[in-house]
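Peer 1: Take a look at the following structure, please.
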Amino acid sequence: MRIRGRDENGDILPVLGPADLVSGGEAVALLVKDRLTMYTGEWWENPEWGCDILERIRNSRITEADLAAVSSALSAYIRETAGVADVQDVRCEMSGRAIRWSCMVMTKEGASNVVFSAVY
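Counting from 1 along the sequence shown, just add 38 to a position and that's the residue number in my numbering.
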């Protein structure tokens, strides 16, 4: 898998040649991060795509007791990502109205750490 790289703000970088593309485990991790930040219906080309758990987080009050279910749903969603062989070392914590979810994404090319935060 080869995809466009991102800058420190998460914006897609221009590609002037093959060397500008990101590949391997890093590319899969970027794809995972992209999928985690896309709400269902946000992409005009395929409105069914997106992370529906984000909608549930945004539309309801999440408590510490809900974290296991949120973490499980996010892990299952990420396992459906192209190139992901497994999701390990999952951690989910809450601080005020923010949820922080992290994991190690296992790919054929290696492992990459993914961290996702959402404020609801």
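From the three backbone atoms N, C-alpha and C, an ideal C-beta is built for every residue, glycine too.
(1) Do you know how far the Cα of Ala67 is from the Cα of Leu51?
(2) Under a three-way DSSP split, which group does Ser113 fall into?
(3) If you run the structure through DSSP and keep just helix, strand and coil, what is Arg99?
(4) Can you give me the Cβ contacts of Trp87 inside the same chain, cut-off strictly under 6 Å, excluding the 5 residues immediately before and after it?
(5) Using the Cα positions of Val108 and Ile91, report the straight-line distance between them to the nearest angstrom.
(6) Just to confirm the assignment, what range does the beta strand (DSSP E) spanning Asp124 have?
(7) Ends of the alpha helix (DSSP H) at Val70?
(8) Determine the contact status of Cys141 and Val157, defining contact as a CB-CB distance below 8 Å.
Peer 2: By the coordinates alone:
(1) Along the sequence shown, one-based indexing puts residue 51 at 13. Along the sequence shown, one-based indexing puts residue 67 at 29. Whole-angstrom Cα-Cα distance: 16 Å.
(2) As a position in the sequence shown, residue 113 is number 75, starting the count at 1. Looking at Ser113 - three-state DSSP - the assignment turns out to be helix.
(3) Translated into positions along the sequence shown, residue 99 becomes position 61. Here Arg99 sits in coil by DSSP.
(4) Sequence index remark: in the sequence shown, residue 87 carries index 49 (1-based). If we look at Trp87 and ignore the five residues flanking it on each side, its Cβ neighbours are Trp81.
(5) Your numbering for residue 108 matches position 70 in the sequence shown. Your numbering for residue 91 matches position 53 in the sequence shown. Each residue's Cα considered, the two are about 7 Å apart.
(6) Sequence index remark: in the sequence shown, residue 124 carries index 86 (1-based). Where Asp124 is concerned, the enclosing beta strand (DSSP E) stretches over Asp124 to Ser133.
(7) Taking the first residue of the sequence shown as 1, we reach residue 70 at position 32. Residues Gly62 to Leu74.
(8) Here residue 141 refers to the residue found at position 103 when the sequence shown is read from its first residue. Here residue 157 refers to the residue found at position 119 when the sequence shown is read from its first residue. No, they are not a contact pair.
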